[in-house]
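Novice: Numbering-wise, the sequence shown is residues 1283 to 1464 according to this note's numbering.
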Amino acid sequence: MAIYKTLEGPALDAYRRLVSDLKSRAQTQLNLPESEIVIRNLLPSDLGANASTPDYNVGLSALTWTPIVNAQQIANGRFVGIYGFVVRNAGTGVTGVGNNLLPYAPAVEQIRITREGTTARYWNVKEIPQWEDQTGYVDDPVSVDQNTSITIEGLARTASSIATTFNIIGVVAEKRGLLINP
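In structure tokens, the structure reads:
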């Protein structure tokens, strides 16, 4: 289990497997042909957020697992996959570039995803804010079926309020026409 700066190599292979798996499960569970299943980007509303932008407003307590998405049930007919994160530094301004470490603690250092009360994934994302795009892709994405509860928690070394600095990157498989009608 590793996190990559770009969606290529092992991370891209994992993404492709995730999409294939989501599509297959949607076909089987919804009893639909492949042509009736659409793959789209994950929206905040898929995880219970009211915002239309992918930024999550998170206030983290120091050294405490704090819910970012709290026991959200995935809607009937939707299959969610999470394969990356955008994690920016907490604070304002940047005083270091290149090999110099940034002076701020990462907004989120660790992520834990729980599916139906059982830990499904645990990622250390502390290094992501130091990368150019501040985006990381995993080689072990997590998937969550329809009508299944998901909790995403963050852990920070220090307390922070990180509005608009944390995003969840994912995809959704669903019946064509629910949200996208090509």
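A virtual CB, placed ideally from N, CA and C, is assigned to each residue, including glycine. What you are looking at is a predicted structure, and each value in this text was computed from that prediction instead of being measured.
1) Could you check the C-alpha separation between E1391 and T1346 for me, to the nearest Å?
2) Does DSSP put E1290 in a helix, a strand or coil?
3) Determine the DSSP secondary structure at K1296, reduced to helix, strand or coil.
4) Leaving aside the five residues before and after N1323 along the sequence, list all residues of the same chain whose C-beta is less than 7 Å from its C-beta, in chain order.
5) Per DSSP, I1434 is paired with what?
6) Kindly indicate which residue of A1438, A1293, R1299, V1320 has the alpha-carbon position closest to the one of R1370.
7) Just verifying my parser: in three-state terms, what is the DSSP assignment at T1310?
8) Rank W1413, T1396, T1430, R1360 by C-alpha distance to the C-alpha of L1325 and give the top, closest one.
9) Out of Q1412, D1421, T1433, state which residue places its alpha-carbon closest to the alpha-carbon of T1400.
10) Just to confirm the assignment, what range does the beta strand (DSSP E) spanning I1319 have?
11) Return yes when the Cβ of N1358 is within less than 8 Å of the Cβ of Q1309, no when it is not.
12) Just to confirm my understanding: we take A1296, look at its own chain, exclude 5 residues before and 5 after, and list those with CB closer than 6 Å. What are they?
13) Can you have a look at S1343 and say buried or exposed, based on whether 16 or more other CB atoms are within 10 angstroms of its CB?
14) How would you label Y1419, buried or exposed, when you count the other beta carbons within 10 angstroms and need 16 or more for buried?
15) Can you look up P1411 in the DSSP assignment and give me helix, strand or coil?
Specialist: Quick look at the numbers:
1) 11 Å
2) coil
3) First, the residue type needs correcting, since residue 1296 is Ala and not Lys in the sequence shown. Of the three classes helix, strand and coil, the one that applies to A1296 here is helix, per DSSP.
4) V1453
5) V1351, I1395
6) A1438
7) helix
8) R1360
9) Out of Q1412, D1421, T1433, T1433 has the C-alpha closest to the C-alpha of T1400.
10) 1319-1323
11) no
12) D1421, P1423
13) With fewer than 16 other Cβ atoms within 10 Å, it is exposed.
14) buried
15) helix
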